[in-house]
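Residue numbers (my numbering), protein chains in the order written: chain A, 1472 to 1895; chain B, 1472 to 1895.
Glycine included, each C-beta is placed from N, C-alpha and C at the ideal position.
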Ligand SMILES: Nc1ncnc2c1ncn2[C@@H]1O[C@H](COP(=O)(O)OP(=O)(O)OP(=O)(O)O)[C@@H](O)[C@H]1O
Ligand SMILES: Nc1ncnc2c1ncn2[C@@H]1O[C@H](COP(=O)(O)OP(=O)(O)OP(=O)(O)O)[C@@H](O)[C@H]1O
Ligand SMILES: [Mg+2]
Ligand SMILES: [Mg+2]
C-alpha cells in the first residue's frame, strides 16, 4: 500500500478539458430539432457548420448528422445524400466490403441504406462518430475567406510528413481490401485528435458512381494522384490545386519552404504510372520508411503519456465507490434505533471514523478542509492498512485505537448487511 | 448534461488489474532491507529474480534495483556493476550523450556515477523504471529449464515483426545520436507493456569498454549483427545463438515456421557489410516499411483504446471530489446547534438530498442499494441539471421540490463557508 498526494491524484487540466469538451459535444442535443427519426437512429443533430448546399464532391448535396443508435445507444455519424435515387440494389451492397477495413486512419464505415424520412429520397451512410472533428479545410483554410491567405505561416513540414504517413497507412489498408479511396478532398479528411487524421466519407463514391464500373487498378492509381493533390494543396495553402490541371506551377512553390525530399515525394504521387505494377503503396512506403518510423515512435510516446494519465485516474474509480459505500452506510434513518449503531454498538466506530476522515477541526475547533487527508485516509481504508489511528467520540467520552484494516472489515460488514434482501 | 450508467462507469477489469499490479509493484518496499541508501536515491528494492552472479554481458556482475529519487520522489532503476573501478573520468562522461536519446523503444538513461555505498567500488547507472518488466529471456525462455524447450509453440511471426520494428526504431534513434547500442542480449531487452519492448542497459558498455576506443561505424555495423542474432535466438528458441559461430544452422531452421521475407530479413542483418555505406538503418527500414506501417497502425489503435478508457475514468475524479464535499458538509458536529441546518434552516435541504441519493428505501421500507442511482444523481448535481426532484424529510412533514441546480448552489455555498478561515 502506498500514499498518494492530492495533487497527483487528478488529471492535468489540458487533457481533462479536451475529454470534457468531447463528452459534452457527444451528448449535446438540439431541443427543438426539426430533424426526423430514422428506423434505427434517433436524436439527430446537424454537424455541418454551414448551410451551403454543395454537390461538388459527390454529385449530390450532402449533410452530416450525429445520431444515437436504437440498437446499442451509441453515437454514430450519418451522412445523407439529398435526392439520391437507388436504381441498382448491388450499388449499395458494395458498402459491405468497407466494413472489413479496420484502420486507425480511416473513419470506419458501419452501414448504408436509403430513407424517405427527410421527405425526399436520401441515401444514408453510417460511420463512426469522432466528437469535435474538423475537416482539413476547416483546420487549415478557415481564415482564408477573410484574409485571402493564411499570411506568412505555412504548415510545418513535420506535420505534413505525419499526414503523409497516416494517409499512406490508410491507403495500404484500403488497397489491401481490394478497394480504392476515390475521394480525398481536404473536406473529406478529418482531424479527430491532436495530429490524428482519418479519411472520411469512404464508400460514398463506390455507391454513387457504381454504374461507371471503373476498373479497380485504375481507381487505385488515381488515389496516388488525389493523395498528391491533397498534400500539395495544404502545403501551398491553395484549395484550387484540387481542380487544377497545371500542377507544376504549385509544385514549383514547394522549394521555397520545404525540403527536396518532400517535393520529390509529392512529385512521385502526382506522376501517373508508366508501369503501374511498381507504383504500389508498398513501394511508396519504402520510400518514406524513415518518416513512418518517426510517426510510429511519436505514437508510442503518445501511448506512454496516456498510460501514465490513466494510471492516476484509475484510483478515482475505487475511491468514488468507497465514498458511495460510506455515504450509504452512515446516518441511515433505519439505523436510528439500532443498538449496533448506538454509542455502545459495534458499528458506532464507523461514525467516528467518518468524523475522522471528513470532519477534522484544528486546535481552536475550526473546520480543517483537506482533500489530501481524505484521499490518504480512503486509500489506506481501501488497502486495509495496518496503520493505527485514534478515534475520539464527539463527547470525548470514548476513545478507540483501531487500524484501517479494522475499519475496512466494519465497512464491508455494514455494506453487506444493507445488500441482504430482507434483513430486518 | 448526460446520464451515465454504472456499468460503463468503471474501467474494464483487465486493464484496471494491470494498472493496479503495476502500482503495487512500484510502491512495494522491503521492510528489512539490508540495501544501502545512496546520495540521491533511497529505499532500494532488488529487481533481479535470481542471485546468480553473472559477468557474461558486461564483464562485471550486475545487479538491478528500483529506488526513489531524493530530488523528486520518483522511482528509477539503478544498475550496479559490482567491483568496477573507474580509471578514466572521460569514460563516465560518455553517458551524457545517451541522455539525449528519446525513443519510445529505448529505456531512457538518466545518470551514471560511482559509489562505495555497497562496500565495494561500484558503477551505478540510473534509468527509467518500468514496473513489472520482464526480460525477453524471462518472457520467452522461462520454461526452458524445466522442459528443455518451449515444446511445439514457436513465437508467432507477427510478434517477431513487431519486435523487429521496435528495435529498428530504437536503433534509428541511437545511430542518429552518433551512438551504438552495443549490447542487444535477450536479457537486456525488456518487455514493459503488452507487446512493447525497449532496449535496456544502453550506455553501460560505452563506459566499461571506453578504453578500447573502437570506431563508431564499426560498432554501428555490429549492432545489425547483434540485432540479427537476437531475433534468430527468439525465433529458433535457442539462446546459444548469441554465442554461436555457425549461425547458418539456425537460419536454416527458420524456413519450417516462418516466411521467406522473414528469413531474408534475418539474413540481411547477419551478413556483414561489403559496402558499409549502404548498410544503414534507413536502408533496413525501407526494406521492412510495410511492417513498420502495420506497427504504426496497431499503435494508433492502442491509442484509441486508451483514449476511450480514460474517457470513462475522467468522470470518477469529479465524482470523488463531489462525494468528499458532501461527506465534509453533512453531519458536522459544529453544525449541530446551527439553525441553518435545523428543520427550518436553509441548509436542511442538503441533508434531505443526501438521504435521497444514498438512503433510498423501497415501498416496504427496505434499503435499496443502487450505485447507478447514486452515480446518476451525482452527475446531475455536478452538471447543475434543471431536472426537478421531490425531497421528503424523515418524519414526512416537509416536502420540497428542488432542481439539481438548486442543490449545487447549496452545496457550493456550504463548502465555501467551511473554507473560510474564521467563520464562527
Ligand atoms: N465521422 C465524423 N465524426 C464527427 N464529425 C464528423 C464526421 N464526419 C464529418 N464530421 C464533421 O461534420 C462537418 C461536416 O462535414 P462535411 O464532410 O459535410 O464537410 P463540409 O465542409 O460541410 O463539406 P461539404 O461542402 O462537402 O458538405 C465537419 O465539421 C466534419 O468535421
Ligand atoms: N528499467 C527497468 N525497469 C524495471 N525493471 C527492470 C528494468 N531493467 C531491468 N529490470 C528488471 O530487472 C530484472 C533484472 O534485470 P537484468 O538486466 O539484471 O536481467 P538478468 O536476467 O538478471 O540478467 P544478468 O544475468 O545479466 O544480470 C529483470 O526482471 C528485468 O526485467
Ligand atoms: Mg457538409
Ligand atoms: Mg541481473
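Taking one beta carbon from each stretch, the region 1539–1559 of chain B and the region 1588–1597 of chain B have 3 or more pairs nearer than 8 Å; the two touch. Looking at the DSSP output, residue 1513 of chain A bridges to A/1539. At a cut-off of 6 Å, the beta-carbon of residue 1519 of chain B counts as near ligand 2: some heavy atom of the ligand is closer than that. Pairing residue 1752 of chain A with residue 1665 of chain A gives a Cβ-Cβ distance that is not under 7 Å. One Cα belongs to residue 1825 of chain A, the other to residue 1797 of chain A, and the distance between them is close to 8 Å. Ranked by Cα distance from residue 1655 of chain B, the options B/1859, B/1584, B/1529 are led by B/1529. Under DSSP, no beta-bridge partner is assigned to residue 1713 of chain A. Taking a Cβ-Cβ cut-off of 7 Å, the neighbours of residue 1840 of chain B in chain A comprise 1799, 1889, 1890, given in sequence order. Rounded to the nearest whole angstrom, the CA to CA distance from residue 1686 of chain B to residue 1711 of chain B is 27 Å.
For the region 1861–1880 of chain A, the residues whose beta carbon sits under 9 Å from a beta carbon of chain B are, in order, 1865. In the DSSP assignment, the residues bridged to residue 1552 of chain A are A/1533, A/1594. Residue 1683 of chain B and residue 1756 of chain A have their C-alpha atoms roughly 40 Å apart. The straight-line gap separating the alpha-carbon atoms of residue 1765 of chain A and residue 1640 of chain B is approximately 8 Å. Ranked by Cα distance from residue 1522 of chain B, the options B/1532, B/1737, B/1783, B/1758 are led by B/1532.
Close partners of residue 1727 of chain B in chain A (Cβ separation under 8 Å) are lacking, with about 26 Å as the shortest Cβ gap.
Within the same chain, Cβ atoms closer than 6 Å to the Cβ of residue 1707 of chain B are found at 1721, 1724, the five residues on either side in sequence being excluded. For residue 1761 of chain A, the uninterrupted alpha helix (DSSP H) segment begins and ends at 1760–1800. Contact between the region 1690–1703 of chain B and the region 1567–1579 of chain B is absent: fewer than three C-beta pairs spanning the two stretches fall below 8 Å. Burial is judged here by how many other beta carbons sit within 10 angstroms of a residue's own beta carbon; residue 1857 of chain B has fewer than 16 and is exposed. Take the alpha-carbon of residue 1794 of chain A and the one of residue 1787 of chain A: they are about 10 Å apart. At the C-beta level, residue 1600 of chain B and residue 1547 of chain B come within 7 Å of one another.
Relative to ligand 1, even the nearest heavy atom lies 6 Å or more away from the CB of residue 1514 of chain A.
Residue contact check for residue 1787 of chain A against chain B: a CB pair falls below 7 Å.
Exclusion of the five residues before and after residue 1763 of chain A leaves 1636, 1756 as the residues of its chain whose Cβ lies within less than 7 Å of its Cβ.
Annotation for residue 1611 of chain B indicates a beta carbon at 6 Å or more from all heavy atoms of ligand 2. Residue contact with chain B for residue 1782 of chain A: present (Cβ-Cβ distance below 7 Å to some residue of chain B). In this structure, the CA atom of residue 1877 of chain B is about 11 Å from the CA atom of residue 1871 of chain B.
By the rule that beta-carbons nearer than 7 Å mark a contact, residue 1703 of chain B does not touch chain A. Collapsing the DSSP output to three states places residue 1602 of chain A in coil.
Comparing C-alpha distances from residue 1694 of chain A to each of A/1505, A/1520, A/1727, A/1651 shows the shortest one belongs to A/1651. Here the C-alpha atom of residue 1673 of chain A lies approximately 41 Å from the C-alpha atom of residue 1604 of chain B. In this chain, the beta strand (DSSP E) harbouring residue 1862 of chain A covers 1859–1863.
For residue 1583 of chain A, no alpha helix (DSSP H) segment is defined; the enclosing uninterrupted segment is the beta strand (DSSP E) at 1580–1586.
Taking every protein chain shown into account, the CB of residue 1891 of chain A has fewer than 16 other CB atoms within 10 angstroms, so this residue is exposed.
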